[in-house]
Amino acid sequence: MTLRRPDAGRTGPVAAPVRVVRAVRVMAHFATGLATQRFLFPRADASRRRELTRSWCRRLLELMNIEARVHGDFDPAGGNVMIVANHVSWLDIFVINAQHPARFVAKSELARWPLIGRLIRGSGTLFIERARRRDTRRVNGDATHALRAGDAIAVFPEGTTTDGREVLRFHGSLLQPIVDAEGRLIPVAIRYHDGDGSLSFAPEYAGDTSFATSFWRVCGERRLAVDLIASPAVPAAARDRRELARGAEDAIRTALARRDAATAPGTRAGRAT
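If you want the working numbering, it's the 1-based position in the sequence shown plus 621.
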């Protein structure tokens with residue numbers, strides 16, 4: 622599936638007034654998300670909450686002029702699925718939720734962010750205190766229970782963000798729930814591009830980059846595209862979590878290398894499905 626924008630062929634930054642208007646509209650959309658969680662979520666069943674989340678995230682991408690392109694079989698239907706992805710940006714959560722809403726495992730600091738922190742709290746995010754090693758056991762227990770109840774769980778096993786040029790080593794500690802729940806693991810590679818297909822660093826949220834800096838950069842881009850490349854689902858029952866982590870890391874590295882080769886100058890990009 623590909624969600625295309627009318628200015629798909631144009632590149633470069635937008636004019637300052639356009640950037641300001643876009644930022645204001647996005648902030649207003651964050652506010653509508655909080656209102657949805659407060660007034661609609663309590664009266665909605667799980668299926669309806671997922672649909673509200675998906676629709677809100679897709680609208681967010683439209684407001685930021687981000688084209689989402691899905692490659693492979695990214696269909697975690699049926700629940701008891703763990704989505705495992707490389708981590709580039711604060712946008713990653715919304716990009717994944719625009720395709721299939723999931724409960725994310727995230728560092729506890731995000732819960733204290735203005736607006737976004739409240740949004741991801743309201744969507745059922747499982748927060749982990751990384752400084753407390755024992756907290757992993759608690760979070761894994763909650764994630765296992767959620768998987769068995771039919772939820773999808775999403776994790777970023779690198780434990781941090783990168784600028785998108787590399788994939789760091791995957792840690793297996795947060796993959797134990799999908800083993801215990803005997804579910805399926807889906808590796809999903811994330812890659813951001815600008816209007817001419819080049820790797821975009823606008824969304825990256827790594828190192829000393831602040832959320833405000835990343836947000837302002839994204840609002841200033843004329844067009845961004847994000848590829849979600851799903852590898853085949855892996856049955857996790859009776860598997861070793863470290864083995865699963867290595868396999869997911871290899872699958873994502875391979876998917877990104879193939880995508881970069883397909884979109885390199887002088888080649889013809891494949892069609893998103």
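Every residue, glycine too, gets a C-beta built ideally from N, C-alpha and C.
task = Identify, in the order they occur along the chain, each residue of the same chain with its Cβ nearer than 6 Å to the Cβ of Arg643, setting aside the five sequence neighbours on each side.
result = Once the five neighbours on either side are set aside, the close Cβ partners of Arg643 are Cys840.
request  = Give every residue of the same chain whose Cβ lies closer than 8 Å to the Cβ of Asp763, excluding the five residues on either side of it in the sequence, and list them in chain order.
outcome  = Cβ within range, chain order: Leu747.
request  = Tell me the start and end of each unbroken alpha helix (DSSP H) in the region 732 to 785 that is at least 4 residues and wholly inside, in chain order.
outcome  = Counting whole runs of 4 or more residues, the region 732 to 785 contains the alpha helix (DSSP H) stretches 737 to 743, 756 to 769.
ask   = How would you call Pro638, buried or exposed, if buried means at least 16 neighbouring beta carbons within 10 angstroms?
value = Taking all protein chains in view, the Cβ of Pro638 is surrounded by fewer than 16 other Cβ atoms within 10 Å, so the residue is classified as exposed.
inquiry  = the ligand ADP and Ala637: does any heavy atom of the ligand fall closer than 8 Å to the residue's C-beta?
reply    = Within the structure as shown, the ligand ADP is missing, as the structure has no ligands at all.
query = Excluding the five sequence neighbours on either side, which residues of its own chain have a C-beta within less than 8 Å of the C-beta of Thr830, listed in chain order?
reply = Excluding residues within five positions, none has a Cβ falling inside 8 Å.
message = My output table needs one value for Ala872: the three-state DSSP class, helix, strand or coil.
response = Residue state, collapsed to three classes: helix.
inquiry  = For the structure I just gave you, are there three or more beta carbon pairs, one from the region 786 to 793 and one from the region 763 to 774, closer than 8 Å?
reply    = Touching, no, given that fewer than three Cβ pairs across the two stretches are closer than 8 Å.
key: Distance CB(Arg805)-CB(Val855) smaller than 9 Å   = A contact, by the Cβ cut-off of 9 Å.
Thr782 versus Ile811 - alpha carbon distance = C-alpha separation (whole angstroms): 12 Å.
key: Ser852 burial status per 10 Å Cβ neighbour count (16 or more: buried)   = Buried, because 16 or more other Cβ atoms sit within 10 Å of the Cβ of Ser852.
query = Which class does Thr623 belong to by DSSP, given the choice of helix, strand or coil?
reply = Because the pLDDT of Thr623 is 43, which lies under 50, any placement of that residue in the model is unreliable, and the question is left without a value.
message = Between which residues of its own chain and Gly654 is the CB-CB distance below 6 Å, once the five residues before and five after are set aside?
response = Answer for Gly654: Trp677, Leu740, listed in chain order.
message = Tell me the DSSP secondary structure of Phe791 in three-state form.
response = Look at Phe791 here: in three-state DSSP terms it is coil, with no helix or strand label.
Pick from Gly738, Ala719, Asn707, Thr834 that is closest to Lys728, judged by C-alpha positions = Comparing Cα-Cα distances from Lys728 to each of Gly738, Ala719, Asn707, Thr834, the minimum goes to Gly738.
request  = Could you tell me if His692 is buried or exposed, where buried requires 16 or more neighbouring beta carbons within 10 angstroms of its beta carbon?
outcome  = Counting other Cβ atoms within 10 Å of its Cβ, His692 reaches 16 or more and is therefore classed as buried.
ask   = Mapping DSSP to helix, strand and coil, what is His650?
value = Under the three-state reduction of DSSP, His650 is assigned to helix.
inquiry  = Going by beta-carbon coordinates alone, are Ala869 and Leu796 separated by less than 9 Å?
reply    = Taking 9 Å as the Cβ cut-off, Ala869 and Leu796 qualify as a contacting pair.
request  = Tell me whether Ser668 is buried or exposed, calling it buried when 16 or more other Cβ atoms sit within 10 Å of its Cβ.
outcome  = Per the 10 Å Cβ criterion, exposed.
Cβ-based neighbour list, Asp713, same chain, cut-off 8 Å, excluding 5 preceding and 5 following = Taken in chain order, the residues that qualify are Ala706, Phe777, Ile811.
query = When you compare only the Cα positions, how much space is there between Gly745 and Arg880?
reply = Gly745 and Arg880 have their C-alpha atoms roughly 32 Å apart.
ask   = Residues in its own chain within less than 6 Å of Ala652 by CB, not counting five upstream and five downstream?
value = Cβ within range, chain order: n/a, list empty.
request  = Determine, using beta carbons only, whether Ala846 and Ser835 come nearer to each other than 9 Å.
outcome  = The answer is no: Cβ separation not under 9 Å.
ask   = What does a CB cutoff of less than 8 Å around Met648 pick up in its chain, not counting 5 residues either side in sequence?
value = Only Leu736 meet the Cβ criterion.
Ala689 beta carbon less than 9 Å from that of Leu877 = Taking the C-beta atoms as reference points, Ala689 is found no nearer than 9 Å to Leu877.
key: 9 Å Cβ cutoff met for Ile807 and Met703   = If you check the CB distance, Ile807 and Met703 come in under 9 Å.
key: Span separating the alpha-carbon of Pro627 from that of Glu683   = Low confidence applies to Pro627: its pLDDT is 38, below 50, so where it sits in the model is not reliable, and the reading given next is rough at best. Using only the alpha carbons, I get a separation of about 11 Å.
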